[in-house]
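Step one of this worksheet: look at the structure below.
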Amino acid sequence: MKVNWEGREYTFEKAMLVSRLLDELEVSAEAHLVVANNRLVTEDHKLGADDNVKVIRVISGG
Amino acid sequence: MKCRICGQPASINLRSHKTAFCETDFLHFFERRVRTTIRKYRLVGKDDRPVVAVSGGKDSLSLWYLLSRMGIAADGIYVDLGIGDYSRVSLEKIKAVADRLGRKVFIFHVRDIFQMGIGEVARAIRRVPCSACGMIKRYVMNRVCMDRGYNLLLTGHNLDDEAAALFGNVLYWKKEYLWRKDIVLEEKEGHLSRKAKPFFLCSEREVAAYAIISGIDYIYEECPFSKGAKTLTYKGILGRLEESSPGTKLMFIKGYLNELRQMKMHDEAAGEAKEVIYCETCGYPTLGGQCGFCWTLKKLGLSYRVEFEEYG
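As you go down the protein sequences, you meet chains A and B in turn.
Each residue of the first sequence is one higher than the one before, starting from 1 at the first, in my numbering.
Each residue of the second sequence is one higher than the one before, starting from 1001 at the first, in my numbering.
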């Protein structure tokens, strides 16, 4: 799967849960949202090997 | 995880509300919450003429869009800080939303008035950029309201912004700021417009989800001057607390609002009204002879001038 995060692209070979992906990237679930194939998904959603994923930081300087 | 309303796969899990929603039902939930906040705290009335402070970020653009969906017609105000591509892209996003909503936006160019960008202005007056930016934005936005007949300024400040600011004020016991924050700040006749924050009780995560689902194209990049800002550190700390104890931020802010209400009731009962001083140059409320905006212009050897470009 292709994962876009902070303007960089990462490739993961295997399917995995969103929560696992966030752990791999070492980012907090509270401060990020995940969009898979143009739909927001929760931490227990299983990402497929062919999915297009975007990890979005939600916290800004204010 | 399933949507609490329709049972379809959920798109967002809201731990602080102990619930989860699909995209469609989240939009309904979020808009209902904001509508309830507006009604409960009487943020926008039938006769109000509101204007939204827009930055190009998710919060202000979502607020502008949501108000339009609620039938609240509002124009926008943008302060172009003169920060290269960051300011240029922000303005592009704002113009796109203005076009989508069919609304006008007032644009104040810091470089036109101060002959330099916000970074140089801050250096010249020996303040950090965020402080100079806040001072200029507050002034300019109020000026638009006063000059163009808007009686209500709406901002996209969210629960995380307010919790982080409150956390900082408590941590350093900044008593001069501690009790100033509120969901609505009343007008001062002829000097200061009323201000309200409809997202006061909505988390930043909820607002971001609303923007994404609604297809609002906002500027994702951070302001270059916010790097290392204390606000981000406080948000990180509060975020960790929220993860271990969902609902903490909401309780923190709701508790503050309750305390503030009691304090204001006590002050009113005791007849304690604070005296307000106005700037001798422009009439803006200030602590001493001149307000920060006029003082800055004078310091830079510039005469008083506030002009806006209008788009839309």
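We put the beta carbon where it would ideally sit given N, CA and C, even for glycine.
query                                                                                                                                                       : result
With burial defined as no fewer than 16 other Cβ atoms inside 10 Å of the residue's Cβ, what is the status of B:E1242: buried or exposed?                   : buried
Shorter than 8 Å from the beta carbon of B:D1160 to some beta carbon of chain A?                                                                            : yes
Is the beta carbon of B:I1107 sitting closer than 8 Å to the one on B:F1293?                                                                                : no
Grab me the residues of B:P1129's own chain with a C-beta within less than 7 Å of its C-beta, minus the 5 sequence neighbours each way, in chain order.     : I1118, G1119, A1122, F1225
Consider the Cβ of A:G48: report whether some Cβ of chain B lies at a distance smaller than 8 Å.                                                            : no
What residue from B:V1089, B:G1134, B:I1038 has the CA that sits closest to B:A1196's CA?                                                                   : B:I1038
Does any residue of chain B bring its CB to less than 8 Å from the CB of A:V55?                                                                             : no
Just how far apart, CA to CA, sit B:Y1041 and B:M1070?                                                                                                      : 16 Å
Under the rule that 16 or more other beta-carbon atoms within 10 Å means buried, what is B:R1205, buried or exposed?                                        : buried
Using a Cβ-Cβ cut-off of 8 Å, state whether B:A1122 counts as contacting chain A.                                                                           : no
Considering only residues of the same chain and omitting the five flanking positions on each side of B:Y1177, which have a CB-CB separation below 7 Å?      : N1169
Check distances from the C-beta atoms of the region 1205-1220 of chain B to those of chain C and list, in chain order, the residues that come in under 7 Å. : Among the chains of the structure shown, chain C does not appear; the protein chains present are A and B.
Quick check on A:A15 - is its C-beta less than 8 Å from some C-beta in chain B?                                                                             : no
Using only the alpha-carbon positions, how far apart do A:I56 and B:T1231 sit?                                                                              : 19 Å
With C-beta atoms as the reference, is A:N21 less than 8 Å away from A:L47?                                                                                 : Contrary to the premise, residue 21 of chain A reads as Leu rather than Asn in this sequence. Yes, these two residues count as a Cβ contact at 8 Å.
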